[in-house]
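A short worksheet on the structure shown next.
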Amino acid sequence: MQQWEKLSADHQKQYKQFLQRADKNKVLKLLPELHEKAFAEIDCLTCANCCKNYSPRFKTPDIKRISKLLKLKESAFIDTYLSLDTEGDYVTNTKPCPFLGSDNYCSIYEDRPSDCKRFPYTDEDVLIKRPVITLKNSTFCPAVHHVLEHLLKS
Numbered sequence: 253m254q255q256w257e258k259l260s261a262d263h264q265k266q267y268k269q270f271l272q273r274a275d276k277n278k279v280l281k282l283l284p285e286l287h288e289k290a291f292a293e294i295d296c297l298t299c300a301n302c303c304k305n306y307s308p309r310f311k312t313p314d315i316k317r318i319s320k321l322l323k324l325k326e327s328a329f330i331d332t333y334l335s336l337d338t339e340g341d342y343v344t345n346t347k348p349c350p351f352l353g354s355d356n357y358c359s360i361y362e363d364r365p366s367d368c369k370r371f372p373y374t375d376e377d378v379l380i381k382r383p384v385i386t387l388k389n390s391t392f393c394p395a396v397h398h399v400l401e402h403l404l405k406s
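Here the sequence shown is numbered in my numbering, starting from 253 and rising by one per residue.
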């Protein structure tokens, strides 16, 4: 276990309390700078935990765009790569993501699902509005951990 993972596990209660009590406007003003700082220090290609262990939702526009890129009918794309989760969303049917290469590069990066483009939500209101997701993300994404640690100190 890396040091940040242990620290994140130890701080889950503090993160939860902070997210519940945070001044949303103050936090939203801080997020762009904290997001930039996190990604100046963290290289997703050394980690790829999100792609290795979780799946984004594939919404209809994502399915249309990616199936076209792969020259597959939408139904064939769905049958080959996706399944429905308990919430009725399409997600990848394998872990790691079938589009993740051994070098941690995404083979469909330019056309990836919108959830992938937005992840880990450290520069948008999802960080505050969806604390359950933020807490979960902080356990496997060093950028979320980094942002939360800085918010605790602000």
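Each residue gets a CB set at the ideal place from its N, CA and C atoms; glycine is no exception.
Taking DSSP as the reference, what is the three-state secondary structure of residue i?
i	result
residue 238	The question about residue 238 has no answer here: the residues shown for the chain are numbered 253 through 406.
residue 324	coil
Looking at the secondary structure, which residues open and close the beta strand (DSSP E) in which residue i lies?
i	result
residue 342	342–344
residue 335	334–336
At the level of alpha carbons, what is the spacing between residue i and residue j?
i	j	result
residue 296	residue 322	24 angstroms
residue 404	residue 370	23 angstroms
residue 398	residue 388	14 angstroms
residue 300	residue 392	9 angstroms
residue 334	residue 345	5 angstroms
residue 263	residue 292	23 angstroms
residue 254	residue 311	33 angstroms
residue 375	residue 363	21 angstroms
Leaving aside the five residues before and after residue i along the sequence, list all residues of the same chain whose C-beta is less than 8 angstroms from its C-beta, in chain order.
i	result
residue 385	373 and 378
Between the options, which lies nearest to residue i when the distance is taken from Cα to Cα?
i	options	result
residue 332	350, 383 and 367	350
residue 313	303, 326 and 306	326
residue 316	275, 292 and 366	366
residue 382	276, 347 and 336	276
residue 357	273, 304 and 324	304
residue 353	278, 255, 290 and 298	298
residue 368	257, 330 and 306	306
Between which two residues does the alpha helix (DSSP H) containing residue i stretch?
i	result
residue 309	Here residue 309 belongs to no alpha helix (DSSP H), and DSSP marks it neither H nor E.
residue 380	378–381
residue 372	No alpha helix (DSSP H) holds residue 372; DSSP gives it neither H nor E.
residue 402	394–405
Near residue i, which residues of its chain fall below 7 angstroms by C-beta distance, leaving aside the five closest residues on each side in sequence?
i	result
residue 341	309
residue 360	318, 321 and 351
residue 390	260, 267, 396, 397 and 400
residue 271	380, 383 and 386
residue 337	343
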